[in-house]
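Numbering (full-length UniProt numbering), first residue to last: 1 to 387.
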Amino acid sequence: MTTPIPTISGFDRIAPEDSPSRELTISHARKSFMTPEKVSLNAIDDVSFSIKQGEFFVMLGPSGCGKTTLLRSIAGLETLDEGQILLGSRRIDQLAPHDRPVNTVFQSYALFPHLTISENIAFGLQMERKSKAEIRDRVQEMLDLVQLSQMANRKPDQLSGGQQQRVALARALAKQPEVLLLDEPLAALDLKLRRGMQSELKRLQRTTGITFVFVTHDQEEALSMGDRIAVFNQGRPEQIGTPEEIYEKPVSRFVADFIGETNFIKTPATRVDVGGDDLIQVQLPGGDPVVLPKSVPTPDGTVTVTIRPERISLAPGGHRFASGTISKLVYMGTDLRCTIALDDGTQVSVRVPPPFHEGLQPEALVSLYAETTALRPLSPEPAEVRS
1 MTTPIPTISG FDRIAPEDSP SRELTISHAR KSFMTPEKVS LNAIDDVSFS IKQGEFFVML
61 GPSGCGKTTL LRSIAGLETL DEGQILLGSR RIDQLAPHDR PVNTVFQSYA LFPHLTISEN
121 IAFGLQMERK SKAEIRDRVQ EMLDLVQLSQ MANRKPDQLS GGQQQRVALA RALAKQPEVL
181 LLDEPLAALD LKLRRGMQSE LKRLQRTTGI TFVFVTHDQE EALSMGDRIA VFNQGRPEQI
241 GTPEEIYEKP VSRFVADFIG ETNFIKTPAT RVDVGGDDLI QVQLPGGDPV VLPKSVPTPD
301 GTVTVTIRPE RISLAPGGHR FASGTISKLV YMGTDLRCTI ALDDGTQVSV RVPPPFHEGL
361 QPEALVSLYA ETTALRPLSP EPAEVRS
């Protein structure tokens with residue numbers, strides 16, 4: 001049974017449709033740290049992008065990629081070496097943390113153990129010297145919003161991890177920030193709770209209209225929650241786009257490899273003119289020639305093509321782009337994981353759903369089919385360009 005979303009009468013949407021745009025803009029931000037070995041490390045390396053008002057924006061990447069440092073810089077917990085952070089036309093990076101119209105939820109919920117749930121939610125409002133009536137009404141609105149009204153008088157240690165997380169969210173939202181920053185807030189939860197909280201966060205963001213900026217290293221979280229995702233690598237976003245764009249149209253090997261499982265096939269490439277468009281033609285081992293969107297070949301005249309395992313079929317249909325020999329079969333329940341060895345030794349992973357995997361045997365020669373749009377030529381990596 002689905003719990004109905006509460007009606008919020010007093011909680012003004014931060015992003016009304018008729019209000020002027022209040023984009024969060026990062027402009028040429030830089031931040032470096034000195035390592036114990038006295039080496040300067042660029043945590044944020046000339047980063048510039050904008051986050052739309054009312055957007056659920058995810059900063060995704062591995063540890064040490066700069067995403068958390070940038071989040072802390074927006075919050076005012078780190079000071080940029082260079083660059084600016086603006087909310088609308090107002091520069092906020094020079095403001096003290098408590099003067100910025102942002103609030104932060106951390107992985108550690110930081111609830112006061114001696115206070116009740118209501119008192120925890122009220123704490124920030126009391127610090128702002130709001131009236132008792134306003135505090136009472138706002139606390140009740142937040143309890144309704146996170147669906148914890150029946151637990152208002154409990155202490156944090158009487159709640160589950162997911163419920164404590166909702167209290168932390170309610171406390172952050174009670175002050176009606178223009179931007180809510182979330183630093184891996186679900187990392188401490190088990191898988192079932194984490195997935196439940198993903199839906200809860202999306203509901204809260206849609207209900208309040210507040211801009212959410214969410215940091216995570218979990219690809220599933222990013223894909224399931226983000227309106228747009230910035231994939232960070234070595235101090236800067238390597239690609240920014242919708243979940244579908246990031247997954248289906250990665251611009252680099254790093255993005256393709258970091259988001260889900262994929263195959264990389266290096267192949268010779270030649271430029272061709274098709275109707276005035278400058279494209280490239282590749283021919284993978286045992287396959288028919290394929291014309292793909294333009295990509296810059298490396299100096300040795302090759303490109304790397306990526307394709308997701310689930311986009312490949314062993315049954316005729318689409319374009320026959322390669323062929324090879326089955327080297328390994330692993331039954332996974334929902335599908336059969338096939339590893340195909342191409343003639344040049346490249347190993348290609350294929351997910352074959354039932355009933356199409358019946359009769360497949362190791363050492364069998366098979367053809368690989370896919371829509372040509374599933375094959376993506378990647379931009380050369382910096383090392384390839386320099387070689």
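Each residue gets a CB set at the ideal place from its N, CA and C atoms; glycine is no exception.
Confirm, please, whether the CB-CB distance from residue j to residue i is below 8 Å.
| i | j | result |
| --- | --- | --- |
| tyrosine 109 | glutamine 165 | yes |
| alanine 168 | valine 105 | yes |
| threonine 60 | threonine 262 | Before going on, a small fix: residue 60 reads as leucine here, not threonine. The answer is no: Cβ separation not under 8 Å. |
| isoleucine 229 | isoleucine 246 | yes |
| phenylalanine 56 | glycine 226 | yes |
| threonine 267 | threonine 302 | yes |
| glycine 76 | glutamate 23 | no |
| arginine 253 | leucine 342 | no |
| valine 255 | valine 231 | yes |
| leucine 181 | isoleucine 74 | yes |
| leucine 145 | leucine 191 | no |
| threonine 346 | isoleucine 265 | yes |
| threonine 339 | glutamate 363 | no |
| leucine 368 | serine 323 | yes |
| isoleucine 259 | threonine 270 | no |
If you run the structure through DSSP and keep just helix, strand and coil, what is residue i?
| i | result |
| --- | --- |
| aspartate 343 | coil |
| glutamine 107 | coil |
| methionine 151 | helix |
| valine 231 | strand |
| isoleucine 74 | helix |
| methionine 34 | strand |
| glutamine 283 | coil |
| leucine 223 | helix |
| aspartate 93 | coil |
| glycine 83 | strand |
| lysine 328 | strand |
| alanine 364 | coil |
| glycine 241 | strand |
| serine 40 | strand |
| arginine 129 | coil |
Within a Cβ cutoff of 7 Å, which residues of the same chain sit near residue i, ignoring the five residues on either side of it in sequence?
| i | result |
| --- | --- |
| arginine 194 | Leu186 |
| arginine 337 | Val330, Ser349, Arg351 |
| alanine 370 | Ile307, Arg311, Ile312, Ser313, Gly318, His319, Phe321 |
| alanine 43 | Lys31, Ser32, Phe33, Gly66, Thr69, Gly235 |
Please return the same chain residues whose Cβ sits closer than 6 Å to the Cβ of residue i, not counting the five positions on each side in sequence.
| i | result |
| --- | --- |
| proline 16 | Unreliable positioning characterises proline 16 in this predicted model, as indicated by a pLDDT of 42, which lies under 50. A coordinate reading is not provided. |
| proline 156 | Leu111, Pro113, Gln164 |
| glycine 83 | Ser27, His28, Ala29, Arg30 |
| proline 354 | none |
Report the partner residues of residue i according to the DSSP bridge assignment.
| i | result |
| --- | --- |
| phenylalanine 264 | Thr306 |
| histidine 319 | Ala370 |
| phenylalanine 212 | Phe56, Leu180 |
| valine 350 | Cys338 |
| serine 27 | Gln84 |
| leucine 292 | Ile280 |
| phenylalanine 49 | Ile26 |
| alanine 269 | Val282 |
| serine 313 | Tyr369 |
| valine 102 | Val179 |
Could you tell me whether any Cβ in chain B is nearer than 8 Å to the Cβ of residue i?
| i | result |
| --- | --- |
| leucine 145 | Annotation note: the requested chain B is absent from the structure, which comprises a single protein chain. |
Beta-carbon within less than 8 Å of residue i's beta-carbon, same chain only, minus the 5 sequence neighbours each way: which residues are those?
| i | result |
| --- | --- |
| glutamine 198 | Leu186, Glu221, Ser224, Met225 |
| glutamine 158 | Met151 |
| lysine 249 | Gly241, Arg376 |
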